[in-house]
Amino acid sequence: MILVVERPSRPLGNPTLRSMFEARKRVFVDLLKWDVPVLQGRYEIDQFDDPNAVYIIVTDRDGGHLGSARLLQTMRPHILGTLFPRLCAGDPPRGSGILEITRFCLDRSQGGAQRIATRNRLVSALVDYALDRGVTSYVGVAEMAWLQQVLAFGWACRPLGAPLVVDGRLLGALRIEIEPNTPALLSWNGIYAPHSLAPNRELEPA
Amino acid sequence: MFDRVDGFVRDVREVGSESDLETALAEVTTDMGFAYFALTHHVDMRHASRPAIRLHNYPGGWEDYFEEQRLGRSDPVHRASQLTTIGFAWSQLPHMIQLTRRDRQVLDEAERRGIGDGFTVPAHVPGEVNGSCSFATVAGADVPEEHLALAQLVGAFAFEAARRLARMRDLGLCAPPTLTDRQRDCVVWAARGKTDWEIAKILGVRHDTVIEHLRHARERYGVGKRTQLTVHALFDGSISFVDVLKR
Numbered sequence: 001m002i003l004v005v006e007r008p009s010r011p012l013g014n015p016t017l018r019s020m021f022e023a024r025k026r027v028f029v030d031l032l033k034w035d036v037p038v039l040q041g042r043y044e045i046d047q048f049d050d051p052n053a054v055y056i057i058v059t060d061r062d063g064g065h066l067g068s069a070r071l072l073q074t075m076r077p078h079i080l081g082t083l084f085p086r087l088c089a090g091d092p093p094r095g096s097g098i099l100e101i102t103r104f105c106l107d108r109s110q111g112g113a114q115r116i117a118t119r120n121r122l123v124s125a126l127v128d129y130a131l132d133r134g135v136t137s138y139v140g141v142a143e144m145a146w147l148q149q150v151l152a153f154g155w156a157c158r159p160l161g162a163p164l165v166v167d168g169r170l171l172g173a174l175r176i177e178i179e180p181n182t183p184a185l186l187s188w189n190g191i192y193a194p195h196s197l198a199p200n201r202e203l204e205p206a
Numbered sequence: 207m208f209d210r211v212d213g214f215v216r217d218v219r220e221v222g223s224e225s226d227l228e229t230a231l232a233e234v235t236t237d238m239g240f241a242y243f244a245l246t247h248h249v250d251m252r253h254a255s256r257p258a259i260r261l262h263n264y265p266g267g268w269e270d271y272f273e274e275q276r277l278g279r280s281d282p283v284h285r286a287s288q289l290t291t292i293g294f295a296w297s298q299l300p301h302m303i304q305l306t307r308r309d310r311q312v313l314d315e316a317e318r319r320g321i322g323d324g325f326t327v328p329a330h331v332p333g334e335v336n337g338s339c340s341f342a343t344v345a346g347a348d349v350p351e352e353h354l355a356l357a358q359l360v361g362a363f364a365f366e367a368a369r370r371l372a373r374m375r376d377l378g379l380c381a382p383p384t385l386t387d388r389q390r391d392c393v394v395w396a397a398r399g400k401t402d403w404e405i406a407k408i409l410g411v412r413h414d415t416v417i418e419h420l421r422h423a424r425e426r427y428g429v430g431k432r433t434q435l436t437v438h439a440l441f442d443g444s445i446s447f448v449d450v451l452k453r
């Protein structure tokens with residue numbers, strides 16, 4: 001199931017969001033060793049997890065977290081514009097039709113094939129969400145180690161500036177254009193699952 | 207210099223042939239202060255079971271030597287690139303892998319043939335053969351340290367362009383079919399069971415305009431019937447089930 005959570009009033013009051021914050025802690029803190037805040041020793045939650053954040057969450061049948069991404073408005077404080085503007089050759093892109101993808105997270109409990117299936121559902125949901133809400137592009141800060149994989153999805157992607165080493169990680173800023181043919185480009189690479197998400201019908205608010 | 211790389215990224219998204227990609231890559235290689243590039247899957251090209259990618263402008267004779275020695279998988283640079291996900295200078299090789307006597311012979315042979323120092327960007331796509339994109343100087347020249355971060359981008363975007371071209375070649379297709387907005391509108395209504403005449407009324411266009419749009423859409427998919435057209439368009443995501451089923 002795909003959940004779209006907009007305007008979460010009490011993030012830790014919702015079991016799916018809780019399991020997402022726990023999964024984020026396991027991935028970004030325990031595995032990738034990011035220096036980000038951890039709440040109650042269990043939940044990775046930072047200053048951008050506020051009521052303006054949108055979460056796209058892939059869950060199992062019981063509502064358990066399999067994968068997720070956080071979307072931030074670029075007109076408000078966000079990772080690229082607030083923390084890493086130097087990754088952009090010009091001004092960081094800002095606009096009501098531009099959202100930032102952050103905390104792209106695949107639960108560590110999954111095996112390889114399931115991770116890829118979850119990743120594909122999450123990417124498909126991100127594209128469907130954008131097309132449904134009039135989002136024309138996503139931006140994001142990516143570790144260059146993942147760049148080839150992100151490009152191989154097949155969507156229209158371009159760099160916003162030269163990559164830089166930050167805390168021992170080579171980071172770069174990317175912009176992804178979302179257009180009516182984006183699902184077709186992703187399908188071409190076996191990424192897009194047309195049945196993965198039905199905006200307005202199967203999207204369930206938390 | 208970033209603008210130059212940005213331009214390269216835009217150009218290679220549109221290239222339609224390997225020779226056009228080679229030309230673009232050769233130009234940006236020079237602009238970054240290198241002399242040579244080599245973009246390749248790490249396979250033995252003469253015995254590859256599936257068509258693989260290899261583009262390069264290394265000096266004459268190097269590729270023959272490379273194939274004779276069957277270096278596709280054993281080349282020290284290729285081996286090192288399996289161990290990392292971001293670009294590395296060849297000067298780092300001794301710190302990355304145990305260089306054997308044969309490896310040193312390979313590196314010496316490269317230098318004898320005019321290939322100097324280099325920088326290699328690994329290209330790992332899950333489920334696919336590993337590859338890389340390397341940039342090299344002429345023997346004796348230094349690697350342009352100031353452009354290595356950009357070389358990282360160029361290598362990754364070039365590899366994706368090559369991957370896209372190889373896929374098109376393997377499937378015998380020119381490009382994934384894309385529908386115009388108007389064709390797409392017509393296909394959605396056709397999928398919802400409307401006749402050409404009804405679609406014309408709904409969209410406020412002439413009857414024969416709808417017939418034309420649907421004919422062109424069928425041609426893009428190479429199919430003859432509107433049922434096939436709607437199934438293809440649903441399958442590749444050009445139209446969605448939501449478009450068709452929503453009330």
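Protein chains in written order, with my numbering: chain R, 1 to 206; chain A, 207 to 453. By construction, the Cβ of each residue, glycine as well, lies at the ideal position given by its N, Cα and C atoms.
| task | Give the DSSP-derived three-state secondary structure of R/His65 in the structure shown. | result | Here residue 65 of chain R corresponds to residue number 65 of the first sequence, with the count starting at 1. Reduced to three states, the DSSP call for R/His65 is strand.
| field | Contact set for A/Cys380: own chain, Cβ-Cβ below 7 angstroms, skip 5 residues either direction | value | Stepping through the second sequence from its first residue, residue 380 of chain A is reached at position 174. Confidence at A/Cys380 is low in this model, with a pLDDT of 45, below 50, so its placement is unreliable and the value that follows should be read with caution. Here the set comprises Met374.
| said: What are the residues in the region 147-160 of chain R lying within 8 angstroms of chain A by C-beta distance? | reply: Leu147, Gln148, Gln149, Leu151, Ala152, Gly154, Ala156, Arg158, Pro159
| message | By the three-class DSSP mapping on this structure, what secondary structure does A/Leu188 have? | response | Because residue 188 of chain A is not part of the residues shown, which for chain A are 207 to 453, the question remains open.
| What does A/Pro332 touch in chain R if you count any residue whose Cβ is under 7 angstroms from its own? | Position 126 of the second sequence, counting from 1, holds the residue named residue 332 of chain A. Result: Ile116, Gln149.
| query | R/Met144 touches chain A at which residues, Cβ-Cβ below 7 angstroms? | reply | Counting from 1 along the first sequence, the entry for residue 144 of chain R is found at position 144. The contacting residues are Ile292, Gln358.
| task | Using a threshold of 7 angstroms, state whether the C-beta atoms of R/Arg103 and R/Thr74 are closer than that. | result | Taking the first sequence and counting its residues from 1, the one referred to as residue 103 of chain R is at position 103. Taking the first sequence and counting its residues from 1, the one referred to as residue 74 of chain R is at position 74. Result no, Cβ atoms of R/Arg103 and R/Thr74 do not sit closer than 7 angstroms.
| Distance between A/Ala396 and A/Trp268 (C-alpha atoms, nearest Å) | As a first step, residue 268 of chain A is located in the second sequence; it is residue number 62 there, counting from the start. As a first step, residue 396 of chain A is located in the second sequence; it is residue number 190 there, counting from the start. About 56 angstroms.
| Proximal chain R residues relative to A/Asp212, where beta-carbon distance stays under 8 angstroms | The count along the second sequence starts at 1 and reaches residue 212 of chain A at position 6. Residues of chain R passing the Cβ test: Ala89, Arg158, Pro159.
| field | Contacts that R/Ala173 makes with chain A (C-beta to C-beta distance below 8 angstroms) | value | Translated into the one-based positions of the first sequence, residue 173 of chain R becomes position 173. The contacting residues do not exist; R/Ala173 stays about 11 angstroms from chain A at best.
| said: At the 7 angstroms Cβ level, is A/Ala232 part of the contact set with chain R, yes or no? | reply: If you number the second sequence from 1, residue 232 of chain A lands on position 26. For A/Ala232, the answer is no, since every Cβ of chain R falls outside 7 angstroms of its Cβ.
| request: Within 10 angstroms of the Cβ of R/Ser256, are there 16 or more other Cβ atoms? Answer buried if so, exposed if not. | output: Residue 256 of chain R lies beyond the residue range present for chain R, which begins at 1 and ends at 206; the question has no answer from this structure.
| What does A/Thr384 touch in chain R if you count any residue whose Cβ is under 7 angstroms from its own? | Residue 384 of chain A sits at position 178 when you count from the first residue of the second sequence. Result: Asn181, Ala184.
| request: Out of A/Arg319, A/Gln304, A/Ala423, A/Ala295, point me to the one whose CA is closest to A/Arg388's CA. | output: Mapped onto the second sequence, residue 388 of chain A falls at position 182. Nearest C-alpha to A/Arg388: A/Ala423.
| If you draw a straight line from the alpha carbon of R/Asn52 to that of A/Val312, how long is it in whole angstroms? | Taking the first sequence and counting its residues from 1, one reaches residue 52 of chain R at position 52. Taking the second sequence and counting its residues from 1, one reaches residue 312 of chain A at position 106. Distance between the alpha carbons of R/Asn52 and A/Val312: 57 angstroms.
| task | Scan the region 219-243 of chain A for residues whose Cβ lies nearer than 8 angstroms to a Cβ of chain R and list them as they occur along the chain. | result | Arg219
| request: State whether the region 157-164 of chain R contacts the region 112-127 of chain R, with contact taken as three or more CB pairs (one from each stretch) at a distance under 8 angstroms. | output: no
| field | Minimum Cβ-Cβ distance from R/Pro93 to chain A less than 7 angstroms | value | Walking along the first sequence from the start, residue 93 of chain R turns up at place 93. Taking CB atoms only, R/Pro93 has no neighbour in chain A less than 7 angstroms away.
| Using a Cβ-Cβ distance under 7 angstroms, would R/Gly66 count as near chain A? | Here residue 66 of chain R refers to the residue found at position 66 of the first sequence. Looking at the sequence shown, residue 66 of chain R is not Gly but Leu. No, R/Leu66 does not count as interfacial toward chain A.
| query | Hey, quick one: how far does the beta strand (DSSP E) through R/Leu99 stretch, first residue to last? | reply | Locating residue 99 of chain R in the first sequence gives position 99, counting from the first residue. Here the beta strand (DSSP E) through R/Leu99 covers 98-106.
| message | I need the straight-line Cα distance from R/Ala275 to R/Arg108, nearest angstrom please. | response | What the structure shows of chain R is the stretch from 1 to 206, and residue 275 of chain R is not part of that stretch, so it cannot be assessed.
| Per DSSP, what kind of secondary structure is A/Glu425 in: helix, strand or coil? | Stepping through the second sequence from its first residue, residue 425 of chain A is reached at position 219. In the structure shown, A/Glu425 sits in a helix (DSSP, three-state: H, G or I).
| Counting Cβ pairs closer than 8 angstroms, one from the region 337-350 of chain A and one from the region 219-239 of chain A, do we hit at least three? | Cβ pair count under 8 angstroms is three or more, so yes.
| said: Does R/Ala162 come out as helix, strand or coil in the three-state DSSP assignment? | reply: Along the first sequence, read from residue 1 onward, the residue named residue 162 of chain R stands at position 162. Note: R/Ala162 maps to coil in three-state DSSP.
| task | If I'm right that R/Glu2 touches R/Val38 with Cβ under 8 angstroms, what's the distance once you round it to whole angstroms? | result | Residue numbering aside, residue 2 of chain R sits at position 2 when the first sequence is read from its first letter. Residue numbering aside, residue 38 of chain R sits at position 38 when the first sequence is read from its first letter. The identity of residue 2 of chain R in the sequence shown is Ile, whereas the question assumes Glu. Their Cβ separation, rounded to whole angstroms, is 27 angstroms, which puts R/Ile2 and R/Val38 out of contact at 8 angstroms.
| request: Could you list which residues in chain C have their beta carbon closer than 8 angstroms to that of R/Leu170, in chain order? | output: The structure shown contains no chain C; the protein chains it does contain are R and A.
| message | On the DSSP letters alone, give me the boundaries of the beta strand (DSSP E) that A/Leu227 sits inside. | response | What you label residue 227 of chain A is simply residue 21 of the second sequence in a count that begins at 1. Where A/Leu227 is concerned, there is no enclosing beta strand (DSSP E), although the alpha helix (DSSP H) it sits in stretches over 224-237.
| task | Taking C-beta pairs closer than 8 angstroms, name the residues in chain R that A/Asp387 reaches, listed in chain order. | result | The count along the second sequence starts at 1 and reaches residue 387 of chain A at position 181. Going along chain R in sequence order, the residues near A/Asp387 (Cβ under 8 angstroms) are Pro180.
| field | Assumed close pair R/Leu71, R/Leu106 - CB separation to whole angstroms, cut-off 8 angstroms | value | On the first sequence, position 71 is the one that residue 71 of chain R refers to. On the first sequence, position 106 is the one that residue 106 of chain R refers to. R/Leu71 to R/Leu106, Cβ: 17 angstroms. No contact.
| message | What does the alpha-carbon distance come out to for the pair R/Ala152 and A/Thr229? | response | Your numbering for residue 152 of chain R matches position 152 in the first sequence. Your numbering for residue 229 of chain A matches position 23 in the second sequence. Looking at the two C-alpha atoms, the distance is approximately 22 angstroms.
| request: Starting from the beta carbon of R/Gly164, find every residue of chain A whose beta carbon is closer than 9 angstroms, and list them in chain order. | output: As a first step, residue 164 of chain R must be located in the first sequence, where it is residue number 164. Per the sequence shown, residue 164 of chain R should be read as Leu rather than Gly. Those within 9 angstroms of R/Leu164 in chain A are Ala355.
| message | Does any residue of chain R have a CB that is nearer than 7 angstroms to the CB of A/Val215? | response | Taking the second sequence and counting its residues from 1, one reaches residue 215 of chain A at position 9. For A/Val215, the answer is yes, since a Cβ of chain R falls inside 7 angstroms of its Cβ.
| Hey, quick one: how far does the alpha helix (DSSP H) through R/Leu170 stretch, first residue to last? | As a first step, residue 170 of chain R is located in the first sequence; it is residue number 170 there, counting from the start. That residue, R/Leu170, is in no alpha helix (DSSP H); its beta strand (DSSP E) goes 169-177.
| query | Cβ of A/Ser297 less than 7 angstroms from any chain R Cβ? | reply | Along the second sequence, read from residue 1 onward, the residue named residue 297 of chain A stands at position 91. False, the Cβ-Cβ gap to chain R never drops below 7 angstroms.
| message | Using only the alpha-carbon positions, how far apart do A/Ala244 and R/Leu12 sit? | response | Counted from its first residue, the second sequence places residue 244 of chain A at position 38. Counted from its first residue, the first sequence places residue 12 of chain R at position 12. Cα to Cα, A/Ala244 sits roughly 51 angstroms from R/Leu12.
| Using a C-beta to C-beta distance shorter than 7 angstroms, which residues of chain R count as neighbours of A/Phe208? | Taking the second sequence and counting its residues from 1, the one referred to as residue 208 of chain A is at position 2. Those within 7 angstroms of A/Phe208 in chain R are Ala89, Gly161, Ala162.
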